[in-house]
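Visitor:
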Amino acid sequence: MKAKLMDSMQRFSKAMFVPILILPIAGILIAIGNLFTNAQLLERFPFLDNPITTGFGSILSGSLVSVLTNLGLIFCVGIALGLAKKKKAEAAFTSLLGFLVFINAMNRFMDLTGILVDSDALRGSGQTLVLGVQVLDMGVFLGIILGIVTAYVHNKFIDTEFSNAFQVYGGARFVFILLIPIVVLLAILFTYIWPFFQSGINALGDFMMQAGNFGIFLYGTLERLLIPTGLHHLVYTPFLYTSLGGLQEVGGQVFEGARNIYFAEIADNSVSVLSQTVIWDARGISKMFGLIGACLAMYHTAKPANKAKAKAILIPAAVTSFIAGVTEPIEFSFMFISPILFVIHSVLSGLSMVVLNIFNVRAIGPNGFIDFLLYNVPLGTEKTSWPMFIVVGIIFFVLYYFLFRFLIKLWNLKTIGREDDGAETRLYSKADYKEKVEAGKGDNDHEKARIIVEALGGKDNIKTVDNCYTRLRLTVDNPDSVNETVLKQDTGANGVIKKGKNVQVVYGLNVTKVREIVDHYLGRDNSEQ
Numbered sequence: 001m002k003a004k005l006m007d008s009m010q011r012f013s014k015a016m017f018v019p020i021l022i023l024p025i026a027g028i029l030i031a032i033g034n035l036f037t038n039a040q041l042l043e044r045f046p047f048l049d050n051p052i053t054t055g056f057g058s059i060l061s062g063s064l065v066s067v068l069t070n071l072g073l074i075f076c077v078g079i080a081l082g083l084a085k086k087k088k089a090e091a092a093f094t095s096l097l098g099f100l101v102f103i104n105a106m107n108r109f110m111d112l113t114g115i116l117v118d119s120d121a122l123r124g125s126g127q128t129l130v131l132g133v134q135v136l137d138m139g140v141f142l143g144i145i146l147g148i149v150t151a152y153v154h155n156k157f158i159d160t161e162f163s164n165a166f167q168v169y170g171g172a173r174f175v176f177i178l179l180i181p182i183v184v185l186l187a188i189l190f191t192y193i194w195p196f197f198q199s200g201i202n203a204l205g206d207f208m209m210q211a212g213n214f215g216i217f218l219y220g221t222l223e224r225l226l227i228p229t230g231l232h233h234l235v236y237t238p239f240l241y242t243s244l245g246g247l248q249e250v251g252g253q254v255f256e257g258a259r260n261i262y263f264a265e266i267a268d269n270s271v272s273v274l275s276q277t278v279i280w281d282a283r284g285i286s287k288m289f290g291l292i293g294a295c296l297a298m299y300h301t302a303k304p305a306n307k308a309k310a311k312a313i314l315i316p317a318a319v320t321s322f323i324a325g326v327t328e329p330i331e332f333s334f335m336f337i338s339p340i341l342f343v344i345h346s347v348l349s350g351l352s353m354v355v356l357n358i359f360n361v362r363a364i365g366p367n368g369f370i371d372f373l374l375y376n377v378p379l380g381t382e383k384t385s386w387p388m389f390i391v392v393g394i395i396f397f398v399l400y401y402f403l404f405r406f407l408i409k410l411w412n413l414k415t416i417g418r419e420d421d422g423a424e425t426r427l428y429s430k431a432d433y434k435e436k437v438e439a440g441k442g443d444n445d446h447e448k449a450r451i452i453v454e455a456l457g458g459k460d461n462i463k464t465v466d467n468c469y470t471r472l473r474l475t476v477d478n479p480d481s482v483n484e485t486v487l488k489q490d491t492g493a494n495g496v497i498k499k500g501k502n503v504q505v506v507y508g509l510n511v512t513k514v515r516e517i518v519d520h521y522l523g524r525d526n527s528e529q
């Protein structure tokens, strides 16, 4: 059950990444559009102050802001696409249809029950316009919920086919037919229950804001710490794209989520000071500065004979982290070589966000130096305090360098260039780390199987192995050699039952896994039983 739950969460996290990968592009283009309409820039470069360039910038930034106001639809399609196991295009299209059915069903039901407020009184009512249809303001959560529901129905029934006259209604059409009543029912239910969920979300958001620097530290640390599980997207996505990350009115329109607010504010030249909510997206210090300090520490602590190799490996990794914010090779090398270094890196990442908040820095660089330049420099120092971002970055570069250099020497860690003689000098990937983890699990399974077999009197004493839903069923030559105490205390057995040469060991619902590792240890296959 635990493995299935983790697998489901990881699949959902990967699916969330489908729309998340696209949204920064919109932000960058908004920032570029803002360049052509920025008053300070036009004063410095008068040749840009003409109807063509300013008009282009205004159209570019203004049109892409619409992406931020329709995130529910984007996440709905993206998540359905990501979670679909086959025929992903059909799943995405069906999710779009389901989204349209939902908002119109909710609108009609709210109209019939008299819940709809006047269109002039939307602000603060908990209702909004989605694609021109007035519904409850569920924001990104609407897209997430419908994306998951669509993907579930799609995966379960996409292969359904009919014969004769009903043949045309199979496959994706059948999925949509089933989805209609489900979506309509959800629209009715959420009309009543969503206000309670929204109150809880708002309360959690208020708690995080009131938690101040501790909340920021916890958020920044967890966002890095969960990278090995692939669940870190589930930490930062709600803060960046939902009301959990704050609500802000910009240009007469309410935006929710730190990144959405930030993009809206940089597109609106009338905003003089950026919102404090931007701190939830201030994750660039460790990527742009900290990990470079860590790489330098690894180079300086490398063995003299390996310095050339270490330099050739670390420089590209450091440059990639700084320019593009791609940190995987460095971070997974920490986890492979010494997980404590990754934990320290995660803590320092959270601490860097706290320092930025203390100095009221509103600059961001989530994907490296290129993003940092495009997002912050054109806005000027008053809005973002971007020079202080660099100052804080240099401080953390020094902190990372000396701390990592000290720990590498203190614990004699086998970082890049310090490997044992004959070992390969290289960075490690996520696949390498997962392989190591799986190997560790295999070692644990092998040890557990060894204890079970020895407690059952050894390999020669075991004649057959089988299992039912909760029990490992065996026949043995000598039942007196079965050690019940070891089976209960050391292998997690809930009980041992002996009936002649038949022995039953109660393990509960995980008995199938126990059967597998015992068979593997004995060198037997299930088909041989």
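All letters in the sequence shown, in the order written, are residues 1 to 529 by the working numbering. Cβ atoms here follow ideal geometry from the backbone N, Cα and C, with glycine treated the same way. Given the structure is predicted, the values throughout are model-derived calculations rather than measurements.
Give me the residue from 409, 426 and 410 with the minimum Cα distance to residue 417.
Guide: Answer by Cα proximity: 426.
Visitor: In terms of DSSP beta bridges, what is residue 327 paired with?
Guide: In DSSP, residue 327 forms no bridge with anything.
Visitor: Where do the N-terminal and C-terminal ends of the alpha helix (DSSP H) with residue 357 fall, by residue?
Guide: Residue 357 -> alpha helix (DSSP H) spans 339 to 358.
Visitor: Would you tell me roughly how many angstroms separate the C-alpha atoms of residue 212 and residue 120, rounded to the nearest one?
Guide: Distance between the alpha carbons of residue 212 and residue 120: 35 Å.
Visitor: Cα separation between residue 173 and residue 357?
Guide: Between residue 173 and residue 357, the C-alpha separation is close to 51 Å.
Visitor: Go ahead and pull the three-state DSSP assignment for residue 450.
Guide: Of the three classes helix, strand and coil, the one that applies to residue 450 here is helix, per DSSP.
Visitor: Between the stretch 315 to 330 and the stretch 360 to 369, do at least 3 Cβ pairs fall closer than 8 Å?
Guide: Yes, the stretch 315 to 330 touches the stretch 360 to 369.
Visitor: With 16 other CB atoms within 10 Å as the buried threshold, where does residue 280 fall?
Guide: With 16 or more Cβ atoms within 10 Å of its Cβ, residue 280 is classed as buried.
Visitor: Check residue 11 in the structure and name its three-state DSSP category.
Guide: Residue 11 falls in the helix class under three-state DSSP.
Visitor: Assign residue 181 to one of two classes, buried (16 or more other C-beta atoms within 10 Å of its C-beta) or exposed (fewer than that).
Guide: Exposed, by the Cβ-count rule.
Visitor: Going by DSSP in three states, residue 494 sits in which element: helix, strand or coil?
Guide: Three-state result, residue 494: coil.
Visitor: Exposed or buried, what is residue 127 when buried is set at 16 or more other beta-carbons lying within 10 Å of its beta-carbon?
Guide: Result: buried.
Visitor: Helix, strand or coil for residue 482? Go by DSSP, reduced to three states.
Guide: Three-state result, residue 482: coil.
Visitor: In the DSSP assignment, what are the bridge partners of residue 129?
Guide: DSSP lists 134 as partners of residue 129.
Visitor: Can the beta-carbon of residue 449 be found less than 8 Å from the beta-carbon of residue 483?
Guide: Against a cut-off of 8 Å, the Cβ pair of residue 483 and residue 449 comes out as no contact.
Visitor: Report yes if the CB atom of residue 518 is closer than 8 Å to the CB atom of residue 501, and no otherwise.
Guide: The answer is no: Cβ separation not under 8 Å.
Visitor: Could you tell me if residue 406 is buried or exposed, where buried requires 16 or more neighbouring beta carbons within 10 angstroms of its beta carbon?
Guide: Exposed.
Visitor: Within the stretch 231 to 265, note down every full beta strand (DSSP E) run reaching 3 residues or more, in order along the chain.
Guide: DSSP runs (the beta strand (DSSP E)) wholly in the stretch 231 to 265: 247 to 250 and 253 to 256.
Visitor: Relative to the C-alpha of residue 266, which residue among 9, 85, 514 and 60 is closest?
Guide: Among 9, 85, 514 and 60, the Cα nearest to that of residue 266 belongs to 60.
Visitor: Let me make sure I understand the geometry here. Which of 293, 337, 309 and 521 has the alpha-carbon closest to that of residue 444?
Guide: When only C-alpha atoms are compared, the closest one is 521.
Visitor: Could you name the residues that DSSP lists as bridge partners for residue 465?
Guide: Partner(s): 474.
Visitor: List the residues that DSSP assigns as beta-bridge partners of residue 502.
Guide: Note: residue 502 sits in a beta bridge opposite 475 and 499.
Visitor: If you draw a straight line from the alpha carbon of residue 527 to that of residue 516, how long is it in whole angstroms?
Guide: Per-residue confidence for residue 527 stands at a pLDDT of 41, beneath the threshold of 50, marking its modelled position as unreliable; no derived number is given.
Visitor: With contact counted as at least three CB pairs below 8 Å, one residue from each stretch, are the stretch 371 to 387 and the stretch 27 to 36 in contact?
Guide: Yes: at least three Cβ pairs fall under 8 Å.
Visitor: Taking the continuous alpha helix (DSSP H) assigned at residue 80, which residues delimit it?
Guide: Note, residue 80: alpha helix (DSSP H), 71 to 83.
Visitor: Does the count of Cβ pairs from the stretch 77 to 84 and the stretch 144 to 158 closer than 8 Å reach three?
Guide: Yes, the stretch 77 to 84 touches the stretch 144 to 158.
Visitor: What is the residue span of the alpha helix (DSSP H) that residue 394 lies within?
Guide: Its alpha helix (DSSP H) spans residues 386 to 410.
Visitor: Could you check the C-alpha separation between residue 54 and residue 223 for me, to the nearest Å?
Guide: Near 38 Å, if we compare the C-alpha coordinates of residue 223 and residue 54.
Visitor: Cβ atoms of residue 278 and residue 364: under 8 Å apart, would you say?
Guide: Contact: yes.
Visitor: Under the assumption that residue 73 contacts residue 143 (Cβ atoms under 8 Å), give the Cβ distance between them as a whole number of angstroms.
Guide: So it is a contact: roughly 6 Å between Cβ atoms.
Visitor: For the alpha helix (DSSP H) containing residue 288, list its first residue and its last residue.
Guide: Counting along the chain, residue 288 falls outside any alpha helix (DSSP H), and DSSP gives it neither H nor E.
Visitor: Given this structure, state the Cα-to-Cα distance separating residue 306 from residue 160, to the nearest angstrom.
Guide: Spanning the two alpha carbons is a distance of roughly 60 Å.
Visitor: Leaving aside the five residues before and after residue 504 along the sequence, list all residues of the same chain whose C-beta is less than 6 Å from its C-beta, in chain order.
Guide: Closer than 6 Å at Cβ, skipping near neighbours: 471, 473 and 497.
Visitor: Checking 8 Å against the spacing of the C-beta atoms, do residue 240 and residue 257 come in under that value?
Guide: Going by C-beta atoms, residue 240 is nearer than 8 Å to residue 257.
Visitor: Specify the secondary structure class of residue 417 as computed by DSSP and reduced to three states.
Guide: Three-state result, residue 417: coil.
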